[in-house]
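Report on the following structure.
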Amino acid sequence: MIKITFPDGTSKEYREGITSLEIAGEISPRLAKAVYSATVNGEVRDLTMPLRSDSTLRLNKWEDDEGRHAFWHSSAHLMAEALESLYPGIKFGIGPAIENGFYYDVDPGDGVSITDSDLPAIENKMKELAAMNLTYKRKEVSKAEAMELFTRKGDEYKTELIGELEDGTITLYSNGNFTDLCRGPHLPSTEPIKAIKLTSVAGAYWRGDEKRKMLTRIYGITFPEQKQLKEYLDFLEEAKKRDHRRLGKELELFTFSPKVGLGLPLWLPRGSDVRQNLINYLTSLLRKRGYKIVTTPHIGNVNLYKLSGHFEKYRTSSFQPISTPEEGEQFMLKPMNCPHHCEIYNATPHSYRELPLRMAEFGTVYRYEQSGELHGLTRVRSFTQDDAHHFCRPDQLREEFKSIIDLVLYVFKILNFNDFTAQISLRDPEDKDKYIGSDENWERAEQDIIEAAREKNLKTVVVPGEAAFYGPKLDFMVKDAIGRKWQLGTIQVDYNLPERFDLTYNGSDNQKHRPVLIHRAIFGSLERFVAVLIENTAGKLPLWLSPEKAVILPISEKFNDYASNVLEILNNSDICTLIDDRSEKIGKKIRDNELKRIPYLLVIGEKEAESGTVSVRKQGEGDKGSMKIGDFIAFIRSEISKELAD
RNA sequence: GCCGAUGUAGCUCAGUUGGUCAGAGCAGCUGAUUUGUAAUCUGCAGGUCGGGGGUUCGAAUCCCUUCAUCGGCUCCA
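Residues 1253 to 1898 in this note's numbering are what the first sequence spells out, letter by letter.
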């Protein structure tokens, strides 16, 4: 007998060799139908794997990431089986489960292409195969056997993968006629896969390397119930309505013009107001925290960027240098603010007493992003960073870093960004040539970040290879409407630029010392931040950010005089207000202004004109009753200060 | 930049296999109406069907090319 311990701490004896699926079945037959994988002693396994010794066991259902993962991974194999039967000779790359569903990278062969219009046929084949309830069979093989099998099949992608694996660790999974190199785990059979939807096809470079062949990536998602699929598709439909590109147009926030250029956003008056509100708010926070605001030009001599290392690193992703009438003189549109700020630092001598020096700028920068990467306001070629550089003594670094984490969390809380990921982005240890600076500096900086995050009890994920070329960073990622993650805030530790720019301060020993540089942004860029904000709020911005706080709706033209009085009073009280004096019925005016997401609608008619009041209707919530004009002003002010309160 | 899809009035979309197919709704402008909490009625105006080239007696529709957008990949200081 072996002892199996469950997550709640209870344990029970079972015969040796029992499977997790059988244990689930003993607990209840319904549970057996709802589990998709098992976590045995911390490792995710097939449900059908026999248990040979005392173990901890967790049965993973749909609600568990590990459960869905197995479900979708098995679905990827099911799709592969369908593809192999529909496209004989098709070759397979990799086919993992992802956050929402799965994909498989395939090479259908020269001259054969799989497009959106082919998806229904593949989907139908999958349904047909799933209905056969075929089992997923696991087999351990030697490296030689695996190599032989896939060489015979002519699957050069698989053989490349096998070549990199350790002998003795290789497993194959088969479902129907399809056999794949795979670590697993998988479902016992295709039986639970009831609802299938292939969502899109896309190109994807083999092994993520743009120098290698582009394979066809087919994305799909499956569910145990048809109803769940419908809910998922409905969610995607709803999410489209929150797309900032759509709302930006509808709400007249920003636009793009091909005549101006790709990726160069034009902020309309309403969008500019939102942007300015963000700038004003953050500026007031920065003043309180001892930041100095600076302003620097939009261009800089090309030598500045040669010194910083940016020129070499980003040669092809920058706007090319601007020549002047002078021979041999060249300037660049600034792709970042750091070098300018370093030179501001260098303009005066510094004492250890005045550090940390916090230098901030809403700096507009220009980067020549590849055309295929442009995306609404989230990826543009000109954007304004809420940039700052903290020049500190080494002994101040940790505290300074932590205080910036606090600032990011504070601002995110005010804006209700609760669902973010804090990501520690480190150097890729395999590819050190991508980075500048000594190993010693890198190790020091990476430790600084890891420890600062730990001291703040920040839940983080560590991702190697995501660091900036001059230093590691802590990035704050927030999701858009359909779940794509975007980096907003970032805090970066840099020992390298201070050396390149020969930054110094006088220590208490009257010797020159090297400061450490922290780069940081809270919003990241105003463009991307506004985009994510729009998607998170579905365009219903908080009152303090809203370009207009209210709109006055006179019942009829008879009350236009009183309405314009109210308008004047409110605007003179710094409550930006509009008036809708069209000759329309009140219902129509309410509908139109509700759709424009104006926070408060003020209905005005005979009653209000007589009593000096306004009837207040809150966007999305309906009638709130009437108020004296002065009370409404006080109400709006208190609502705004509530939003901005700690 | 790469793969795939898409591109018809300001917006959302109809326009079967090439032949009154250049349309509708909303927005806009006109008049009428003067309205009490999510769409009043009338009339008008709007597009070289993304651009360019080709096939054809004839192209929004077929072909080529180019640009842009969307979904991914790559990249993201």
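Ideal Cβ placement from N, Cα and C applies to all residues, glycine included.
Everything numeric in this text was worked out from a predicted model, so none of it was measured.
The stretch 1456-1465 touching the stretch 1373-1388, judged by at least three CB pairs closer than 8 Å:
When Cβ pairs closer than 8 Å are counted between the two stretches, the stretch 1456-1465 is seen not to touch the stretch 1373-1388, the count staying below three.
PHE1669, DSSP secondary structure in three states
Taking the first sequence and counting its residues from 1, one reaches residue 1669 at position 417. Here PHE1669 sits in coil by DSSP.
Under the assumption that GLN1871 contacts ARG1843 (Cβ atoms under 8 Å), give the Cβ distance between them as a whole number of angstroms.
Within the first sequence, residue 1871 is the residue found at index 619, counting from 1. Within the first sequence, residue 1843 is the residue found at index 591, counting from 1. Not a contact, Cβ separation roughly 12 Å.
Below 7 Å CB to CB, which residues in the same chain sit around ILE1774 once its five sequence neighbours on both sides are set aside?
As a working note, residue 1774 is residue 522 in the first sequence. So the qualifying residues of the chain are LEU1534, ASP1638, LEU1659, VAL1660, VAL1663 and GLY1741.
Cα separation between GLY1269 and PHE1323?
Indexing the first sequence from 1 puts residue 1269 at position 17. Indexing the first sequence from 1 puts residue 1323 at position 71. Cα to Cα, GLY1269 sits roughly 24 Å from PHE1323.
Which residues in the same chain have their Cβ closer than 7 Å to the Cβ of LYS1859, if we skip the five residues on either side of it in sequence?
In the first sequence, counting from the first residue as 1, residue 1859 sits at position 607. Answer for LYS1859: no residue qualifies.
Straight-line gap, PRO1601 to LYS1565 (C-alpha atoms, nearest Å)
As a first step, residue 1601 must be located in the first sequence, where it is residue number 349. As a first step, residue 1565 must be located in the first sequence, where it is residue number 313. Between PRO1601 and LYS1565, the C-alpha separation is close to 30 Å.
With a 10 Å radius around its C-beta and 16 neighbouring C-beta atoms as the bar for buried, classify ALA1373 as buried or exposed.
Here residue 1373 corresponds to residue number 121 of the first sequence, with the count starting at 1. Exposed.
Could you have a look at CYS1594 and say whether DSSP puts it in helix, strand or coil?
Taking the first sequence and counting its residues from 1, the one referred to as residue 1594 is at position 342. Correct three-state label for CYS1594: helix.
Do LEU1626 and VAL1782 have their beta-carbon atoms positioned less than 9 Å apart in this structure?
Here residue 1782 corresponds to residue number 530 of the first sequence, with the count starting at 1. Here residue 1626 corresponds to residue number 374 of the first sequence, with the count starting at 1. For VAL1782 and LEU1626, no; Cβs fall outside 9 Å.
In angstroms, rounded to a whole number, what distance separates the CA positions of ARG1541 and PRO1440?
Position 289 of the first sequence, counting from 1, holds the residue named residue 1541. Position 188 of the first sequence, counting from 1, holds the residue named residue 1440. About 58 Å.
Residues near LEU1956 in its chain [Cβ-Cβ closer than 8 Å; skip 5 each side]:
Shown here, the chain extends from 1253 to 1898; a query on residue 1956 therefore has no answer.
Confirm, please, whether the CB-CB distance from LEU1585 to HIS1562 is below 9 Å.
Along the first sequence, one-based indexing puts residue 1562 at 310. Along the first sequence, one-based indexing puts residue 1585 at 333. Contact flag unset, no.
Tell me which same chain residues have a C-beta within less than 7 Å of the C-beta of ASN1555, skipping the five on either side of it?
As a position in the first sequence, residue 1555 is number 303, starting the count at 1. So no residue of the chain qualifies.
Cβ-based neighbour list, ARG1772, same chain, cut-off 6 Å, excluding 5 preceding and 5 following:
As a working note, residue 1772 is residue 520 in the first sequence. Once the five neighbours on either side are set aside, the close Cβ partners of ARG1772 are ALA1640, ILE1656 and ILE1743.
Identify the continuous beta strand (DSSP E) that holds PRO1806 and give its terminal residues.
Along the first sequence, one-based indexing puts residue 1806 at 554. Counting along the chain, the beta strand (DSSP E) containing PRO1806 begins and ends at 1802-1806.
Note down the Cα distance separating LYS1810 from ILE1804, rounded to an integer number of angstroms.
Numbered from 1 along the first sequence, position 558 holds the residue referred to as residue 1810. Numbered from 1 along the first sequence, position 552 holds the residue referred to as residue 1804. Answer to the nearest angstrom: the Cα atoms are 14 Å apart.
Please name the residue or residues paired with THR1507 in a DSSP beta bridge.
One-based indexing of the first sequence puts residue 1507 at position 255. Beta-bridge pairing links THR1507 to LEU1518.
Return helix, strand or coil for LEU1386, following the three-state DSSP convention.
Mapped onto the first sequence, residue 1386 falls at position 134. It is coil, neither helix nor strand.
When DSSP builds the beta bridges, which residues end up paired with LEU1678?
Your numbering for residue 1678 matches position 426 in the first sequence. Per the DSSP secondary-structure output, LEU1678 pairs in a beta bridge with PRO1716.
Which one or two residues does DSSP pair with HIS1550 in a beta bridge?
If you number the first sequence from 1, residue 1550 lands on position 298. Per DSSP, none; premise fails for HIS1550.
For a minimum of 3 consecutive residues, which ranges assigned as the beta strand (DSSP E) are wholly contained in the stretch 1445-1514?
As far as the stretch 1445-1514 is concerned, its whole beta strand (DSSP E) runs of at least 3 residues are 1447-1457 and 1466-1475.
Once DSSP output is grouped into helix, strand and coil, what is the label at TYR1288?
Residue mapping note: residue 1288 aligns to position 36 of the first sequence, counting from 1. If DSSP states are grouped into helix, strand and coil, TYR1288 belongs with the strands.
Own chain residues within Cβ distance below 7 Å of PHE1614, not counting five before or after:
Counting from one through the first sequence, the residue named residue 1614 turns up at place 362. For PHE1614, where only same-chain residues beyond five positions count, the Cβ hits under 7 Å are ILE1531, THR1636 and ASP1638.
May I have the straight-line CA-CA distance separating SER1337 from PRO1794, to the nearest angstrom?
Working through the first sequence from its first residue, we reach residue 1337 at position 85. Working through the first sequence from its first residue, we reach residue 1794 at position 542. Spanning the two alpha carbons is a distance of roughly 54 Å.
Using 8 Å for Cβ pairs, my map puts LEU1335 next to VAL1358. What's the rounded Cβ distance?
Indexing the first sequence from 1 puts residue 1335 at position 83. Indexing the first sequence from 1 puts residue 1358 at position 106. Sure, about 6 Å apart at Cβ, within 8 Å.
Report yes or no: do the stretch 1299-1307 and the stretch 1253-1269 share at least 3 C-beta pairs separated by less than 8 Å?
yes
Check whether LEU1667 and GLU1698 have beta carbons under 9 Å apart
One-based indexing of the first sequence puts residue 1667 at position 415. One-based indexing of the first sequence puts residue 1698 at position 446. Between LEU1667 and GLU1698, the C-beta gap is not smaller than 9 Å, which leaves the two residues out of contact.
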